[in-house]
Amino acid sequence: PASRRWLRRPQPYLAAALALLMFSPVIIWNMDNNWASIMFQSNRVKGGSEDQFAAHLLFLHLMVLLTPVGLLAAIMAVWPRTERDSSTYARRRRLFVRVFAGVPLAVFFVLSISESQRFHWTGPAWLALLPTMAWLMGQAGDFSTLARRVRAAWKPTIAVCIFLYAFVLHYVVLGIPGIPYKFLSEHYFWREATGEIEQVVAEVRQRTGQEPIVVGMSKWSVAASLSFYNRSGKPMEIRSRNMFGDSGAMYDFWYPSEPPTSLPIILVGMRDHELERTRRIPDIGRMLVQPGPIQEQRVATPDGKPLRRIYYRIAQGYLGKNP
Numbered sequence: 081p082a083s084r085r086w087l088r089r090p091q092p093y094l095a096a097a098l099a100l101l102m103f104s105p106v107i108i109w110n111m112d113n114n115w116a117s118i119m120f121q122s123n124r125v126k127g128g129s130e131d132q133f134a135a136h137l138l139f140l141h142l143m144v145l146l147t148p149v150g151l152l153a154a155i156m157a158v159w160p161r162t163e164r165d166s167s168t169y170a171r172r173r174r175l176f177v178r179v180f181a182g183v184p185l186a187v188f189f190v191l192s193i194s195e196s197q198r199f200h201w202t203g204p205a206w207l208a209l210l211p212t213m214a215w216l217m218g219q220a221g222d223f224s225t226l227a228r229r230v231r232a233a234w235k236p237t238i239a240v241c242i243f244l245y246a247f248v249l250h251y252v253v254l255g256i257p258g259i260p261y262k263f264l265s266e267h268y269f270w271r272e273a274t275g276e277i278e279q280v281v282a283e284v285r286q287r288t289g290q291e292p293i294v295v296g297m298s299k300w301s302v303a304a305s306l307s308f309y310n311r312s313g314k315p316m317e318i319r320s321r322n323m324f325g326d327s328g329a330m331y332d333f334w335y336p337s338e339p340p341t342s343l344p345i346i347l348v349g350m351r352d353h354e355l356e357r358t359r360r361i362p363d364i365g366r367m368l369v370q371p372g373p374i375q376e377q378r379v380a381t382p383d384g385k386p387l388r389r390i391y392y393r394i395a396q397g398y399l400g401k402n403p
């Protein structure tokens, strides 16, 4: 009741109008494009195409996202059964946490009963809990034994997390001597990799006199990265693996189908097997005209330092999804 007086003031309505104004470009674009991004994101919440009980995975994801100590602190913030403070302020704090953190988490739990979720999707739900968790860390009142142990465990947990974050970030950016970097390098250095593919495209264009179609053979990275970094010379004609019956994410919307063509096809992948098969088609060679061998292209800095590998395969045409 004490907060309802704000409903008679202009500030909440001005804040809502400002939020709507900032979000309006997304709404307008979706209205003009059959609600494409809204439908895409809402379908992703449903998880995979097959029913899968994943409540245990949700619990594991929460432990990874928050650490075990953080998860216990979050549970205590949502259900503070040992807190003896019955003041109006304490009740309002508990209500705020349960509404803005407990309700979203309940939705994720219900969804996880039948569908698997991404581990980071629950992240925004914890924003409402962070102030309460920080408040609990600094309290020295008459709490239960579990609460005191959780509070004592925060210091080593924070120290370990800082060390791990520093180690992982240093490894991702610069690498660690003696630790292989290969499994991470395939997701980086796309600017340099795009330059190598541009050279392949130029060679095919010069040899055939035709504009080749470049097909990224992953769901997200290849086609999107090539499109983003393709800034030198003539723009490449870029498609995705939905040409071969697999998901191409946004390319399913932009290019839902590709007719048979006699233009050269250049398949590009992060791994060599991606140029041989997809999850639905065991041999994509039968959909191509004179497919060539898979070739490996090493990507390096101007001074010769190796960065990564990328794979490509050249064909003389495309026969369609049902050759």
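Residue numbers for the sequence shown follow this note's numbering, beginning at 81 and rising by one. Just so it is clear, CB atoms sit at the ideal spot from N, CA and C, and this is done for glycine as well.
Item	Value
L347: first and last residue of the uninterrupted beta strand (DSSP E) it sits in	I345 to G349
Where S298 falls, given that 16 or more other Cβ within 10 Å makes a residue buried	buried
C-alpha distance - L185 paired with V281, whole-angstrom precision	48 Å
Alpha carbon of W159 to alpha carbon of R172, nearest angstrom	13 Å
Which of helix, strand or coil DSSP assigns to A395	strand
Stretch-stretch touch, CB-based, cutoff 8 Å, three pairs: the segment 390–397 with the segment 347–359	yes
Inter-residue spacing [alpha-carbon to alpha-carbon] between S122 and A95	25 Å
Of the listed residues L146, E291, M217 and I108, nearest to R231 (C-alpha basis)	M217
Three-state secondary structure assigned by DSSP to P362	coil
Contact set for R351: own chain, Cβ-Cβ below 8 Å, skip 5 residues either direction	E266 and Y391
Three-way DSSP call (helix, strand, coil) for S298 in this model	coil
A97 in three-state terms, based on DSSP	helix
Whether F269 touches R388 by CB criterion (7 Å)	yes
Residues that DSSP places opposite E317 in a beta bridge	I293
For S327 and R84, the rounded distance between their alpha carbons	48 Å
Whole-angstrom distance between W115 and I318, CA atom to CA atom	24 Å
Residue of M143, A157, F133 and L355 minimising C-alpha distance to V190	F133
Residue range of the unbroken alpha helix (DSSP H) whose run includes E283	W270 to T288
Spatial neighbours of T237 in its chain, beta-carbon cut-off 7 Å, leaving aside the 5 residues before and after	T147 and V149
Three-state secondary structure (DSSP) of P386	strand
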